[in-house]
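Participant:
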Amino acid sequence: MEYPFTEIERKWQENWKIARLANASESSAKPKYYVLSMFPYPSGALHCGHASNYSIGDAIARLKLMEGYNVMQPMGYDSFGMPAENFAIKNNSHPRFTTEDNIAIMRRQFNRLGFGFDWEREQSTCRPEYYHWGQYLFKRMYEKGLVYRKKSFQNWCEECNTVLANEQVEDGRCWRCGTEVIQKDLDQWYFRITDYAEELLDFSGVIDWPERVMTMQKNWIGKSYGTEIHFLLEHSEAVIPVFTTRPDTIFGVTFMALPPEHPLVQKWLADDPENKELHEFCHRVMNEDKISRSSAETTKEGVFTGRYCINPLNGDKVQIWITNYVLMDYGTGAVMAVPAHDQRDFDFAVKYNIPMKIVIQNPEQSLVLSQMKQAYVEPGIMVASAQFDGMDSLAAKDAISLWIEEQGLGKRTATYRLRDWGISRQRYWGNPIPVIHCPSCGIVLVPDEDLPVLLPDNVQVGKTTSNPLLSVPEWLNVECPKCGQAARRETDTMDTFVDSSWYYGRYTDPHNEERPFDPARANYWLPVDQYIGGIEHACMHLLYARFFHKFMRDLGWVNSDEPFARLLTQGMVLKDGAKMSKSKGNMVDPQYIIDRFGADTLRVFLLFSSPPDKDVEWSDDGVMGSFRFLNRIWRLIESNLDVLKRGMTLNADIANISPALKELLYSSHFTVKKWLDDSLHRKQYNTAIAAVMEHLNHCVAVKDPASLNDDELAVFAEACGIIPQLLYPFAPHIAEELWHLLGFESMVHEGGLPGYEESYLVRDIITYVIQVNGKLRGKLEVPADISEAELKSKALELENVAKSLEGLTVRKLIVIPGKMISIAASR
RNA sequence: GCUCUUGUAGCUCAGUCGGUAGAGCGCUUCCUUGGUAAGGACGAGGUCACCGGUUCAAAUCCGGUCAAGAGCUCCA
564 MEYPFTEIER KWQENWKIAR LANASESSAK PKYYVLSMFP YPSGALHCGH
614 ASNYSIGDAI ARLKLMEGYN VMQPMGYDSF GMPAENFAIK NNSHPRFTTE
664 DNIAIMRRQF NRLGFGFDWE REQSTCRPEY YHWGQYLFKR MYEKGLVYRK
714 KSFQNWCEEC NTVLANEQVE DGRCWRCGTE VIQKDLDQWY FRITDYAEEL
764 LDFSGVIDWP ERVMTMQKNW IGKSYGTEIH FLLEHSEAVI PVFTTRPDTI
814 FGVTFMALPP EHPLVQKWLA DDPENKELHE FCHRVMNEDK ISRSSAETTK
864 EGVFTGRYCI NPLNGDKVQI WITNYVLMDY GTGAVMAVPA HDQRDFDFAV
914 KYNIPMKIVI QNPEQSLVLS QMKQAYVEPG IMVASAQFDG MDSLAAKDAI
964 SLWIEEQGLG KRTATYRLRD WGISRQRYWG NPIPVIHCPS CGIVLVPDED
1014 LPVLLPDNVQ VGKTTSNPLL SVPEWLNVEC PKCGQAARRE TDTMDTFVDS
1064 SWYYGRYTDP HNEERPFDPA RANYWLPVDQ YIGGIEHACM HLLYARFFHK
1114 FMRDLGWVNS DEPFARLLTQ GMVLKDGAKM SKSKGNMVDP QYIIDRFGAD
1164 TLRVFLLFSS PPDKDVEWSD DGVMGSFRFL NRIWRLIESN LDVLKRGMTL
1214 NADIANISPA LKELLYSSHF TVKKWLDDSL HRKQYNTAIA AVMEHLNHCV
1264 AVKDPASLND DELAVFAEAC GIIPQLLYPF APHIAEELWH LLGFESMVHE
1314 GGLPGYEESY LVRDIITYVI QVNGKLRGKL EVPADISEAE LKSKALELEN
1364 VAKSLEGLTV RKLIVIPGKM ISIAASR
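With the numbering used here applied, the first sequence has no gaps in its numbers, which climb one by one up to 1390 at the end.
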């Protein structure tokens, strides 16, 4: 007989709704706990990955509910973006409709899984009530000087008429239409995230983040310390600032490497239209897509400009080359090349026959220029470096930097790998940037009272090759809010990562019509106590959200430094070792599992199969195992209901119970202790569930409970009675039903966390293991209060022990209390 | 190339302070049963990837090797 999961799950989902279990309010005497799982893109029917991720969040939410917190667990949808637009094109519909349809499907399935989401706080980023405040934030950011427009080269597809992200360029061609991608100099909107680079490196404001994620962010931001030095252009006033992390090699500079985009290069090109070689080279390099351009495999190339600059330290004349391996947007966009001590410069110098100069000698084996096969990048002894000769190169770094500063030739500084965040997208389905372009006033922000700039509905998605917004004249053409002249709206929309950078704040005050959220309400809930999501967001979403939070803090809207105090990065659901995906055809439909075995079975399977931060390997047998586990629990309690109800009214006198029941008593208390530790502190729900399984085995081992005496019955009833509580975070429906069957009027979480008695964890008979020279030689069952002397003599008397000690002298006898005796013996 | 993670039963994974190698699934045998993709009992199955070190004692600590996976990789 299968337990009636369908009725049970429907019943308790209804009861929770009536009791408003998931609806959080700020007026509570309990301490708050904000559990948040990263919101999904509304793709329609849930897949196993959703079920798995949100099972973790719900387990945490329910644990905290039991623990007595005022828990908020909201849910929403990251509904703007290309996938939604493309989905609508494919289905010949409008993204607004397809998105809302999908949301309805997902909400229904979330409810079928029994997740305790506060639907009164639901957000969807494509709704005007939400994106209104994204525009408002954009404006505040603009006012703070954190938004700017910059012309820069972008991957551009002529056919689609849009900018492509780096990952949308495949072999130099557009991923959608296959058109060759060109680089186009475009005006794009940027957020000045680099202003916060330093602070984003500091994680002292978080409580518990995976080391891995923090390392990834630190690497991504990539702070490097170095020195900025100014090289003077020969026969000119112009200065070329360079950034280097190796000031100790400055005396070895033999050429200057500039990218074609460098302003000086651009000026020379304009001044010298006849120089074909230069023009052709620059044109070719600039039109290469960024991926292959910045790949280490790309062959280094360059052209000599015929110009020189002067090394400020030794007055050397330095050739200036235009190259394809220097990036305009890192450091100062110029590299002082030291071929003898940098592999990239070495490769380039060899190819173009540029001289090299050794300025750091290998103390092990002297370098000889003509014999060098690669650059010498290790530390060494300074040579050919004027007053620094003979110094250790590591010490020379500081000495030279100091000298440069004293001479006013430059300064010590740090550079970051992190770039400003380009947020412009030439697509329809995104949040419109609230800007109007006026021929006389220039860039004018849309006044707050005119927000939100609504996305027009009457576009024909997919019918135009360019941004569909360009084809809506009544939307596009407006009066300038300042001067009233005819003006045009900005047609770029914002990167969807902007929408997801502050949604956690909107949940705290979801219906505010005056502002994104009321600081008082936000500060009640924030920071998010537990955030849950995939590690793929380590350097994107999680970094952007931290940036936004710090910005909002600087505005005085929030009083915390970090948005997410604790972070859990969950694993994926795999099948046959690979991620479940439509293209692989290895999808499992969670709805089928829910219909056939129930939501509780699915949740238990997903949580039991591995720790939350590791991947789950899908297994039909594993699902069956979870289902059987719940059925065994059901039978245990349901078939002994009358006995159990009576037993729960009794108190046990442990002097009066059999050894078997004593073991059960131990199991109850040990299991609760382990469960509390696993679920609450270690967040290892798999082992917490395994502990319940083991405990269940002990309960089931009690045959014929009706024949137990009253003291034993009390122990048995306690052992069975804790199971609903232990099950609640993972399988809440069956837990509530069993709790209810046992006669409780309340809901499980109102019973609080289960407790244990330390005194029941002490056993009065202890099994000692005896080792002789590290080998197991015997076992000894003794009372717990035995004296050490007696224990030792008993151990030595054991037949096997005595035999293995024959002819040997005991050198050492170590007693590990409560566990074992180790005897070291030799001749 | 660099960094990190993992390697334990057929499978998925536990193993806390170094102290008797464990759960679930699967498997063997048996019992129950004309509601069975069911229930119950007993059991088998491990060189803890490999080599070395520390220790009375190593899956656990240290060093090395191998294998698998992930991230970064012209960042001056």
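For every residue, glycine included, the Cβ atom is placed at its ideal position computed from N, Cα and C. Keep in mind the model is a prediction, meaning the values are calculated, not measured.
1. Suppose the cutoff is 7 Å on Cβ atoms and the five residues either side in sequence are ignored; what does the same chain contact list for residue 1313 look like?
2. What would DSSP say about residue 1115, mapped onto helix, strand or coil?
3. Report yes if the CB atom of residue 1364 is closer than 7 Å to the CB atom of residue 1333, and no otherwise.
4. Hey, residue 718 and residue 744: beta-carbon distance below 7 Å or not?
5. At 4 residues or longer, and completely inside the stretch 591-634: list those alpha helix (DSSP H) runs for me, N to C.
6. Once the 5 residues before and after residue 1119 are set aside, which same chain residues still bring their CB inside 8 Å of it?
7. For residue 662 and residue 1107, I'd like the C-alpha separation in whole angstroms.
8. Nearest-angstrom Cα distance between residue 708 and residue 702?
9. Give the list of continuous beta strand (DSSP E) stretches no shorter than 3 residues that lie fully inside the stretch 646-724.
10. If you draw a straight line from the alpha carbon of residue 899 to that of residue 792, how long is it in whole angstroms?
11. Quick one: what's residue 1330 bridged to in DSSP?
12. Do residue 911 and residue 863 have their CB atoms nearer than 7 Å?
13. Taking the alpha-carbon of residue 715 as reference, which of 850, 976, 1173 and 1037 has the nearest alpha-carbon?
14. In the structure shown, what three-state DSSP assignment does residue 964 receive?
15. Tell me whether the beta-carbon of residue 1367 lies closer than 7 Å to the beta-carbon of residue 1345.
16. What are the boundary residues of the alpha helix (DSSP H) that residue 1206 is part of?
17. Quick check: residue 790 and residue 907, are their CB atoms within less than 7 Å of each other?
18. Output needed for residue 905: all residues of its chain with C-beta closer than 8 Å, excluding positions within five of it in sequence on either side, in chain order.
19. Leaving out five residues on either side along the sequence, give the residues of the same chain with a beta carbon under 6 Å from the beta carbon of residue 1203.
20. Residue 1127 bridges to which residues according to DSSP?
21. Assuming residue 896 contacts residue 942 (C-beta within less than 8 Å), just tell me the rounded distance between them.
22. Output needed for residue 1169: all residues of its chain with C-beta closer than 7 Å, excluding positions within five of it in sequence on either side, in chain order.
23. Counting C-beta neighbours from all protein chains within 10 Å, is the total for residue 925 16 or more, i.e. buried, or is it exposed?
24. Output yes or no for whether 7 Å exceeds the beta carbon distance between residue 568 and residue 1059.
25. I'd like the span of the beta strand (DSSP E) that includes residue 870, first residue to last.
26. Can you give me the start and stop residues for the alpha helix (DSSP H) that residue 814 sits inside?
27. Check the DSSP bridge columns for residue 787 and list the partner residues they point to.
28. Hey, how far is the Cα of residue 693 from the Cα of residue 683?
29. Count the other CB atoms within 10 Å of the CB of residue 1373; is the residue buried (16 or more) or exposed (fewer)?
30. Measuring CB to CB, does residue 1062 end up less than 7 Å from residue 987?
31. Taking the C-alpha atoms as reference points, what is the distance between residue 1135 and residue 584?
32. Measuring alpha carbon to alpha carbon, tell me which residue in 1371, 1354 and 989 is nearest residue 1392.
33. What residues in its chain sit with their C-beta under 8 Å from that of residue 1325, if we drop five residues either side in the sequence?
Facilitator: Let me spell this out:
1. none
2. helix
3. Going by C-beta atoms, residue 1364 is nearer than 7 Å to residue 1333.
4. yes
5. 611-629
6. 1082
7. 25 Å
8. Cα to Cα, residue 708 sits roughly 10 Å from residue 702.
9. Whole beta strand (DSSP E) segments, 3+ residues: 710-720.
10. Approximately 9 Å between the Cα atoms of the pair.
11. 1344
12. yes
13. 850
14. helix
15. no
16. 1204-1210
17. no
18. 809, 812, 938 and 940
19. 1268
20. The partner list for residue 1127 (beta bridge, DSSP) reads 1091.
21. Taking 8 Å as the upper bound for CB-CB distance, residue 896 and residue 942 are not in contact here, some 28 Å apart.
22. Closer than 7 Å at the Cβ level, and outside the excluded window around residue 1169, lie 614, 615, 618 and 1179.
23. By the beta-carbon neighbour count (other beta carbons within 10 angstroms, threshold 16), residue 925 is exposed.
24. no
25. From DSSP, the beta strand (DSSP E) with residue 870 extends over 865-873.
26. Segment: none, residue 814 is in no alpha helix (DSSP H) and carries neither H nor E.
27. 978
28. 14 Å
29. exposed
30. no
31. 29 Å
32. Because the chain is modelled from 564 through 1390, residue 1392 falls outside the range shown and cannot be assessed.
33. 1347
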